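**Q**
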Amino acid sequence: MQYIEPLFRPPSEARSLIFQVTNGCSWNRCTYCEMYTDTQKKFRPRAETEVLAEIRACAQQGLEPRRVFLADGDALVLSMRRLRTILGEIKSSLPSVSRVSSYCLPANLKNKSDEDLLELVELGLKIIYVGAESGDDDVLQKIDKGETYATTADALIRASAAGIRTSVMILNGIGGKGLSRQHALASARLANDTQPDYLATLVLTFYKGRQKFEAGFDNHFDELDTVGLCEEMKILIDATELENTIFRSDHVSNHMVLKGVLGKDKHRLLAQIDTSIAYFNNHPEFDHGNFDY
Numbered sequence: 008m009q010y011i012e013p014l015f016r017p018p019s020e021a022r023s024l025i026f027q028v029t030n031g032c033s034w035n036r037c038t039y040c041e042m043y044t045d046t047q048k049k050f051r052p053r054a055e056t057e058v059l060a061e062i063r064a065c066a067q068q069g070l071e072p073r074r075v076f077l078a079d080g081d082a083l084v085l086s087m088r089r090l091r092t093i094l095g096e097i098k099s100s101l102p103s104v105s106r107v108s109s110y111c112l113p114a115n116l117k118n119k120s121d122e123d124l125l126e127l128v129e130l131g132l133k134i135i136y137v138g139a140e141s142g143d144d145d146v147l148q149k150i151d152k153g154e155t156y157a158t159t160a161d162a163l164i165r166a167s168a169a170g171i172r173t174s175v176m177i178l179n180g181i182g183g184k185g186l187s188r189q190h191a192l193a194s195a196r197l198a199n200d201t202q203p204d205y206l207a208t209l210v211l212t213f214y215k216g217r218q219k220f221e222a223g224f225d226n227h228f229d230e231l232d233t234v235g236l237c238e239e240m241k242i243l244i245d246a247t248e249l250e251n252t253i254f255r256s257d258h259v260s261n262h263m264v265l266k267g268v269l270g271k272d273k274h275r276l277l278a279q280i281d282t283s284i285a286y287f288n289n290h291p292e293f294d295h296g297n298f299d300y
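For the sequence shown, our numbering assigns the number 8 to the initial residue and increments by one for each residue that follows.
#1: To the nearest angstrom, how far is it from the Cα of Ile150 to the Cα of Ser108?
#2: Along the alpha helix (DSSP H) that carries Arg16, what are the first and last residues, could you check?
#3: Tell me where the beta strand (DSSP E) around Leu266 begins and ends.
#4: Kindly indicate which three-state DSSP category Pro72 falls into: helix, strand or coil?
#5: Give me the Cα-Cα distance between Asp272 and Gln279, rounded to the nearest whole angstrom.
#6: What span of residues does the beta strand (DSSP E) with Glu122 cover, start to end?
#7: Report yes or no: do the region 17-35 and the region 48-65 share at least 3 C-beta pairs separated by less than 8 Å?
#8: Looking at the structure shown, is Glu140 part of a helix, part of a strand, or coil, going by DSSP?
#9: Exposed or buried, Ala139, counting other C-beta atoms within 10 Å across all chains shown (16 or more means buried)?
#10: Buried or exposed for Gln27, please, with buried defined as at least 16 other CB atoms from any protein chain shown within 10 angstroms of its CB.
#11: Distance, Cα to Cα, Asn297 vs Asn289?
#12: Give me, in chain order, the residues of the same chain whose beta-carbon lies closer than 6 Å to that of Thr92; leave out the 5 immediate sequence neighbours on both sides.
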């Protein structure tokens, strides 16, 4: 398998066989994102013949993967014809595969009918990873996400209705101090209205500078400190009304590790957050801010 770097996949897809069906991200304008940039790779679908050849080569080598992840940033931007061909080949050549997954931009589901989504499920697509980042339209506009609360919610609801499991990512602290509360409350509302199967948070780290990101905040982004990040998380969790969503806040960027099921573990998670807030208040030496790892 030959990949065009950089290559990314969700942590839960660590053992999945990865087929790179596109290069880069079709949107590629989010100001916080360093995964795909124009200097690294420009977006383009990979040649269908290349992808099909890789699938068949894996079968000829006797591989029996259980899971497949379709890279790069948003494989579902591909047409139904091309997705049908690729998923059909996986199903035919690699019958051991029980789950195919992909990152997904909500905008790309607009071009898929409800019937299309049902067909994708039949062809093996079982879960999509959606970087919602926030449920707040002000925040989404400032980070040039290209989505709104409504477009994200609609995509998640339609996917769930078709039988596709949804994994949603929220960025802790992405609105800074000024938008922290509304970011948390709107993100909780997004989760409540869509009831994702998985919900996770992380704190973004910039390795290549933050000038583009700060420009969306009129060049003045008042970042949250460690306690502020914890307090924002408390607002988010407290406002959730979820029935059976697996929640994770255990990325290396997070200041505290939270794991549970919302809502049955809601009170335990809130207690853990209170303990963390008290600890960080008493240990200011551990306050590294939001983006300075």
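A virtual CB, placed ideally from N, CA and C, is assigned to each residue, including glycine. Note that the structure is predicted; figures quoted are calculated from it, not measured.
**A** According to the data block:
#1: As a first step, residue 150 is located in the sequence shown; it is residue number 143 there, counting from the start. As a first step, residue 108 is located in the sequence shown; it is residue number 101 there, counting from the start. About 26 Å.
#2: Within the sequence shown, residue 16 is the residue found at index 9, counting from 1. Counting along the chain, Arg16 falls outside any alpha helix (DSSP H), and DSSP gives it neither H nor E.
#3: On the sequence shown, position 259 is the one that residue 266 refers to. It should be noted that the sequence gives Lys, not Leu, for residue 266. It spans 265-269 - the beta strand (DSSP E) in which Lys266 sits, taken as one unbroken run.
#4: Taking the first residue of the sequence shown as position 1, residue 72 is located at position 65. Of the three classes helix, strand and coil, the one that applies to Pro72 here is coil, per DSSP.
#5: On the sequence shown, position 265 is the one that residue 272 refers to. On the sequence shown, position 272 is the one that residue 279 refers to. So the alpha carbons of these two residues sit roughly 11 Å apart.
#6: Locating residue 122 in the sequence shown gives position 115, where the first residue counts as 1. First-last for Glu122: 121-129, but that is the alpha helix (DSSP H), not the beta strand (DSSP E).
#7: yes
#8: The sequence position of residue 140 within the sequence shown is 133, counting from 1. Here Glu140 sits in strand by DSSP.
#9: Here residue 139 is taken as the residue at index 132 of the sequence shown, counted from 1. Per the 10 Å Cβ criterion, buried.
#10: Mapped onto the sequence shown, residue 27 falls at position 20. Classification of Gln27: buried, given that the 10 Å Cβ count is 16 or more.
#11: Stepping through the sequence shown from its first residue, residue 297 is reached at position 290. Stepping through the sequence shown from its first residue, residue 289 is reached at position 282. In this predicted model, Asn297 has a pLDDT of only 40, less than 50, meaning its place in the structure is not dependable; the value taken from the coordinates is given anyway. Rounded to whole angstroms, Asn297 to Asn289 spans 18 Å at the Cα level.
#12: Position 85 of the sequence shown, counted from the first residue, corresponds to residue 92. The answer is none, since no qualifying residue turns up.
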